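Everything on this sheet refers to the single structure shown next.
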Amino acid sequence: MSSNVIPLSLYIHFPWCVKKCPYCDFNSHALKDNLPEQEYVDALLLNLEQHLPLVWGRRVISIFMGGGTPSLFSGAALDRLLKGIRARLHLTYDIEITLEANPGTVEQQRFKDYRDIGINRLSLGIQSFNDKHLQILGRIHGREEALHAISCVKQAGFANFNLDLMFGLPEQSLAEGLADIELAINQQPTHISWYELTLEPNTQFWRHPPPLPIIDEIIALQERGQDLLAKNGYQQYEVSAYSQNKPSRHNMNYWEFGDYLAIGAGSHGKITEHSSMCVTRLHHHRHPKQYMDLTQGFVQAKQLINSEQLPFEFMLNALRLKEGVATSLFTERTGLELTLIAPQLIEAQRKGWLHPFNERICTTTLGYRFLNNVMSLFLCETKEYEHQN
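Counted from 1, the sequence shown has number 384 at position 349 by our numbering; the numbering is strictly sequential.
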């Protein structure tokens, strides 16, 4: 079976921010000196060239520029990057090209430049419209800047844009959380990412935990917020993703276990080899200076995902989708027969966590509520198999 049926995306990581937020565990670094635009774009294009043999003949359906803060880069720098990508890769005619942006004043001035160079989707890191909560989160923008940034996005001609919001924030009440999501809806984005704040290791919040709302209050806010989103036409299609018939093509490719080439400091890629259906993950050097040191190469590590691990890897992504995936997708994306995971699927169905899986692998309402339990069925089986071998 040819890996050409597996969609291919491109992820580009930009590792710099104005400052590091206390909750952030992404590979981001506070910008202390001048932004090395020229050098970093040079490194990205060389990084891409070295990966080209992995994806010869395949078309890219989406590009996602994440960070960090990609919008620190000028339109001219990103234009040179995109032109270099187009010269090296086959892109679909209707490719989705997303840029993550912060609502800071400097970035707002660049939105029209981004639209002019072919970026057709923006994802704004709002997080909250409440000045008190934004200050606690360490954000450099306030409520008015966030609203102005959204206005600038529309004026620049972006018909497709996402707003990133968090809930369960320190000192956040139910009313404040609902006010955030209601104001986001009023801005009429095509997509809203709404997710709970979690305290991640290696962050300031992990070392010095802030007082978070109790779990019952968080659940109440989530349920009320989801009702509000649904009433306004935002359908939940993934754990934290809501869309007005415009789901993120790039993220859908992740959840449907597609392939993605990755370039940039700390980026991770997943590529399926054409003839053997072997899946390899590539991990790039995390620190920008180390990544741009062209004497040592960009890739820090390669990891082969063996056939015993693939079922869990697939289900870890696919089960996040509210409507699940076509049953046939398991074989198309892994090269394995569905019979391999039939015992776990039957057990999940017996527990009331999974619908009958003749045509789709999809959780029930109960299963979606206890998603980690459903996923653990496949992880346990993998561990047992590995132990026996």
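For every residue, glycine included, the Cβ atom is placed at its ideal position computed from N, Cα and C.
Model, not experiment: these values are computed from the prediction.
| Item | Value |
| --- | --- |
| Beta-carbon gap between Met287 and Leu354 smaller than 8 Å | no |
| Whole-angstrom distance between Cys59 and Tyr46, CA atom to CA atom | 19 Å |
| Three or more C-beta pairs below 8 Å linking the segment 202-218 and the segment 241-254 | yes |
| Outcome for Val314 when other beta-carbon atoms lying within 10 angstroms are tallied against a minimum of 16 | buried |
| Beta-carbon contacts of Leu414 that lie in its chain and below 6 Å, excluding the five residues immediately before and after | Phe347 |
| Per-residue DSSP class, three states only, for Asp294 | strand |
| Sequence-distant residues of the same chain with beta carbon closer than 6 Å to Gln257, five excluded per side | none |
| Close-in-space but distant-in-sequence residues of the same chain around Pro244 (CB under 7 Å, 5 per side omitted) | Leu234 |
| Span of the beta strand (DSSP E) around Val95 | Arg94 to Gly102 |
| Per-residue DSSP class, three states only, for His226 | strand |
| Spatial distance of Ile376 from His125 (CA atoms) | 35 Å |
| Thr330, buried or exposed, once every other Cβ within 10 Å from all chains shown has been counted against 16 | exposed |
| DSSP beta-bridge partners of Gly160 | Asp199 |
| Alpha carbon of Thr417 to alpha carbon of Pro378, nearest angstrom | Because Thr417 carries a pLDDT of 39, less than 50, the predicted location of this residue cannot be relied on, and the following value inherits that uncertainty. Those two C-alpha atoms are separated by around 12 Å. |
| Collapsed DSSP secondary structure at Val409 in the structure displayed | helix |
| Separation of Ala219 from Thr374, as counted between CA atoms | 44 Å |
| Alpha-carbon spacing of Gly177 relative to Ile185, whole angstroms | 13 Å |
| Exposed unless 16 or more other CB atoms sit within 10 angstroms - verdict on Thr307 | buried |
| Cutoff 6 Å; reference Phe196; Cβ partners in own chain excluding five residues on either side | Leu157, Val188 and Pro224 |
| For Thr366, the first and last residue of its enclosing alpha helix (DSSP H) | Ser363 to Thr369 |
| Cβ-based neighbour list, Leu401, same chain, cut-off 8 Å, excluding 5 preceding and 5 following | Gly387 and Trp388 |
| Close-in-space but distant-in-sequence residues of the same chain around Phe202 (CB under 8 Å, 5 per side omitted) | Gly212, Asp215, Ile216, Trp229, Tyr230, Glu231, Leu232, Ile253, Leu256, Gln257 and Gly260 |
| Residues near Leu339 in its chain [Cβ-Cβ closer than 6 Å; skip 5 each side] | Thr315 |
| Residue range of the alpha helix (DSSP H) that includes Val314 | Element bounds for Val314: not the alpha helix (DSSP H) but the beta strand (DSSP E), Val314 to His319. |
| Inside the segment 243-303 only - beta strand (DSSP E) runs reaching at least 3 residues | 270-273, 276-278 and 294-298 |
| Buried/exposed call for His422, threshold 16 Cβ in 10 Å | Its pLDDT being 29, under 50, His422 is placed unreliably in this model, and the value from its coordinates should be taken loosely. Flag for His422 reads exposed. |
| 3 or more residues per run - each beta strand (DSSP E) lying fully within the segment 38-81 | 43-49 |
| Buried versus exposed call for Val360 [16 or more other C-beta atoms within 10 Å across all chains shown] | buried |
| 8 Å contact criterion, which His303 and His318 should meet: CB distance rounded | 6 Å |
| 7 Å Cβ shell around Met350 - same chain, five flanking residues per side excluded | Met410 and Phe413 |
| Proximal residues to Met36 (C-beta, below 8 Å), its chain only, five neighbours per side dropped | With a pLDDT of only 40 at Met36, under the threshold of 50, the placement of this residue in the model should not be trusted; the figure read from the coordinates follows. Cβ neighbours of Met36 beyond the five flanking positions: Met312, Thr366, Glu367 and Gly370. |
| Opening and closing residue of the alpha helix (DSSP H) in which Ile185 lies | Arg178 to Gln190 |
| Whether His86 touches Gly301 by CB criterion (8 Å) | no |
| Neighbour-count burial assignment, Ser106, 16 or more Cβ in a 10 Å radius | buried |
| Cβ-based burial, Ile363 [other Cβ within 10 Å; buried from 16] | The residue you asked about is not Ile; residue 363 is Ser in the sequence shown. Classification for Ser363: exposed. |
| Local conformation of Ala194 per DSSP, three classes | coil |
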